[in-house]
Structure formats: structure tokens, C-alpha cells
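Residue numbers for the sequence shown follow the working numbering, beginning at 2 and rising by one.
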Amino acid sequence: MEKNEIRAVIKYLCLKKMSTKDIHSDLVETLGDSSPPYSTVARWAKEFKLGRTSTEDEHREGRPSTSLTAENVKKVEEVVLEDRRVTIRHVAEVTGISYGSIQRILANELHMRKVSARWVPKMLNDEQKKKRVDMSRANLEKFQADKDNFLSRFVTMDETWIHHFDPETKQQSMTWKRSDEPTPKKFKVSSSAGKVMASVFWDAEGIIMVDYLEKGATITGSYYAEQIRRLREAIKEKRRGKLRAGVLFHQDNAPVHKAAIAMAAIQEAGFELVEHPPYSPDLAPSDFYLFPRLKEHLRGKKFDDDSDVMAAVEDFFQSQDKDFFSKGILGLEKRWTKCIDLLGDYVEK
2 MEKNEIRAVI KYLCLKKMST KDIHSDLVET LGDSSPPYST VARWAKEFKL
52 GRTSTEDEHR EGRPSTSLTA ENVKKVEEVV LEDRRVTIRH VAEVTGISYG
102 SIQRILANEL HMRKVSARWV PKMLNDEQKK KRVDMSRANL EKFQADKDNF
152 LSRFVTMDET WIHHFDPETK QQSMTWKRSD EPTPKKFKVS SSAGKVMASV
202 FWDAEGIIMV DYLEKGATIT GSYYAEQIRR LREAIKEKRR GKLRAGVLFH
252 QDNAPVHKAA IAMAAIQEAG FELVEHPPYS PDLAPSDFYL FPRLKEHLRG
302 KKFDDDSDVM AAVEDFFQSQ DKDFFSKGIL GLEKRWTKCI DLLGDYVEK
């Protein structure tokens, strides 16, 4: 939804005498990770309750910023929401906006920061923290009641963009040299425009299924529902006894994942959903474990086309042993525990 559409919804719910807390909860339930932070909802709710009627941004007096325009804020927001793992440098390359301006837009206009390599709201409100604690406690109790049973039944998934070329980090590009040798020149390189969307479904034993989005296509509720049906068949083929034991299925709160048609497919598959709080990539194994390791492995490598990217992804996954994948799932216990100890705040490591 566009900003003005969301503001119109806030205005309507204010007219219905709903509290700010309930308005925000309603938006989170409907829009998932795409919903605005509580601070934004509270600010607009206050304005509307004081008699404001317009949902447009007010004109600000003074010297206008050449970068902090509504158009540029929207550009940055669109790029980040398309891929929440995107780097500031890549956003700068795509939008043509300076690195520093994007930092200010993310921090001051969009109120976002990065957690587990994903852009999330900078501050969690009390309700969001409570939900994180409650869900972490429920999941932790289920996990600790019978770890072997939990691990054998658990399946998780997420999507990620993989570029045809992603430059090495500064640390990765460092080379050894003698004290009398000149420092090697490092030329500026940028991520390629070519990229592939991979939906990865995995468990403690390894990869169950990877789906690559065709060029020009988008993931919708119906597309995701079809993925769920294919996942069930893949589990039946590759994980004997898992369907009979009952799959504990974990996903984030992306709108396509929560769409009615997708939820119906999950129910029809016989999967039991593991609760996952909104804005919580730090509690998702794909975000805090699998994808960062995949991206680190691929960084600095150039691929000619999508098929080369897919082959490299498959090679990486096939080169990992079972312990690699089980370690990622087992990491949930520590993170759920730490989330509870931090009273719902983000788990950085």
C-alpha cells in the first residue's frame, strides 16, 4: 500500500474511535512486515484526532534538501522493501542518491536499521516486544520438551535475491604484500543488475526444495500456495516419515505468506505453523544463518546468467554436510532464550 493509503486507513480507524495501539495491531495483522512502525502510526493518529483531514505531507519552509524529497524517500523505500537484505551501497547505485543521504533517509524518514542483514524498524514498541517474548517462550518450551522430535519435524523457508555479481567486502578483498611493495589498487565495483529470486525450503538435514522465480514474475499468494503443494511432495519423497510425524512449518509474516490462499494450502498440506513475530529476522534461521553464509560464499564471483547463479547456489548447498544445516536450526534455542532475556529486543548475535 502507498503511504497515503495507509494514512487514510489510520484516519478511518481514528474516526471509529480505535486506540492507536489497536490501529497499529490491525495494520501489522493485515500488512505484516510492510506495515508502518508504531511511532508513525501514533504520529498520524494524533494529527487526525486533533482535527487534521489531509493525508498528504505538509510543505516545509526553509531551504529544501536536494536529496530528502518525498520522491527520493519513496525510491529508497521501494528498493528496500523489494529486498530487505539490500546494502546501502546497492541502494545508492540503483537510485542515484548519495550514500549519506540514503543513511539519513533510512534512519530519519523510514526509521529503519539492519538486523540479521535485513532492514527492520529502528525501534520496536512494547506490544511488538511482548509478542516476540511470548512467541519465543512458546517456541522454546516446545523445543526443549523434546529436541529430537522438534528437529525431526521442523521445516523453515524464506526468499532472497541473488545477484549475478556481488562485490567482495573490504575484508575479503585484502591481500598480503611486502612492506616495500606498493598498495594494490582497488577499483570501484558495483553489484550487477541481473539477479535471481530463490525461495529456499530446508530443515536440520539439508535443503528440501529451492524454487527460482522466472524473470518478470512476482511471488503472489497463489504462487506461494503452489510452492507449498510442491514442498509437501518434496518432503514425501526426500524425508520419509516426516509427513506422518507432522511437519512444524516456519515462515515469516510477509503478506504473500499470510494470504488466505497460502494459509489454506498450508492447512491442506497438514503443516502445523510455528509462530513467528513480525519484524523478527533475528529469529529466522534463513536470515541469521543460511543466507549470510550463502552470500559470503558467492560474493566476488561473476555469473554470466541466471542458470550459472542457480548452479552455484546448488553447488554450495550440496557441499555442506548435515551438521551445517542442523547448526542453523539449533541456533533458534539460543536466540529465543536471548530474546526473552532481552525482554523482546533484537538479538544482534
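No residue lacks a Cβ here, since even glycine has one placed at the ideal position from N, Cα and C.
All of these numbers come straight from a predicted model, not from anything done at the bench.
Check	Outcome
Supposed contact pair Lys130 and His165 - C-beta distance, whole angstroms, cut 8 Å	With 8 Å as the limit, His165 and Lys130 do not qualify as a contact, their Cβ atoms being about 39 Å apart.
Which residues DSSP lists as bridging Phe155, in chain order	Leu249
Limits of the unbroken beta strand (DSSP E) element including Asp204	Lys196 to Asp204
Between the CA atoms of Asp127 and Asn254 - distance to the nearest angstrom	19 Å
Beta-carbon proximity list for Lys339, same chain, < 7 Å, skipping 5 on both sides	Val348
Runs of beta strand (DSSP E) lying entirely within the stretch 49-103, each at least 3 residues, in chain order	none
Runs of beta strand (DSSP E) lying entirely within the stretch 235-312, each at least 3 residues, in chain order	249-251 and 273-275
Beta-carbon gap between Gly242 and Glu273 smaller than 8 Å	no
The stretch 97-105 in contact with the stretch 293-304 per 3-pair CB rule at 8 Å	no
Cβ shell of Asp309 (< 8 Å), same chain only, five flanking positions each side left out	His165
Gly207 - containing beta strand (DSSP E), residue span	Gly207 to Tyr213
In DSSP terms, what Trp45 is bridged to	According to DSSP, Trp45 bridges with nothing at all.
Rounded straight-line distance, which links the Cα of Glu238 to that of Val42	47 Å
Backbone secondary structure at Met124 - three-state DSSP	coil
Rounded separation between Asp212 and Lys17 - CA only	43 Å
Residue closest to Leu291, alpha-carbon to alpha-carbon, out of Lys132, Val29 and Gly332	Gly332
Close beta carbons around Glu182, own chain, < 8 Å, minus the five adjacent residues each side	Residue confidence is low: Glu182 scores 48 on pLDDT, short of 50, so the model does not pin down where it sits. Its coordinate-derived value is still stated next. Excluding positions up to five away in sequence, the list is empty.
Ile163 (DSSP reduced to helix, strand or coil)	strand
Cutoff 6 Å; reference Val201; Cβ partners in own chain excluding five residues on either side	Val211
Ser20 versus Asp58: straight-line alpha-carbon distance, rounded	23 Å
For Asp131, three-class secondary structure by DSSP	One point to set straight first is that residue 131 is Lys, not Asp, in the sequence displayed. If DSSP states are grouped into helix, strand and coil, Lys131 belongs with the helices.
Check whether Ser35 and Pro256 have beta carbons under 8 Å apart	yes
Residue from Arg230, Asp283 and Ala260 whose Cα sits closest to the Cα of Gly271	Arg230
Contact between the stretch 305-324 and the stretch 218-229 (3+ Cβ pairs under 8 Å)	no
C-beta contact flag for Ala139 and Glu276 at 8 Å	yes
Own chain residues within Cβ distance below 7 Å of Thr56, not counting five before or after	Asn5, Arg8, Ala9 and Lys12
Boundaries (first-last residue) of the alpha helix (DSSP H) holding Asn5	Lys4 to Leu16
Burial state of Glu62 (16 or more Cβ within 10 Å)	Summary for Glu62: the model assigns pLDDT 48, below 50, so the residue's position carries little reliability; its value from the coordinates is reported in the next sentence. Classification for Glu62: exposed.
Buried versus exposed, by CB contacts within 10 Å (16 or more), Asp322	exposed
CA-to-CA distance, Ile163 to Phe155, given in whole angstroms	25 Å
Between the CA atoms of Ile236 and Arg245 - distance to the nearest angstrom	11 Å
Neighbour-count burial assignment, Glu72, 16 or more Cβ in a 10 Å radius	exposed
Limits of the alpha helix (DSSP H) - the one that Ile220 falls within	Careful: Ile220 lies outside any alpha helix (DSSP H) and carries neither H nor E.
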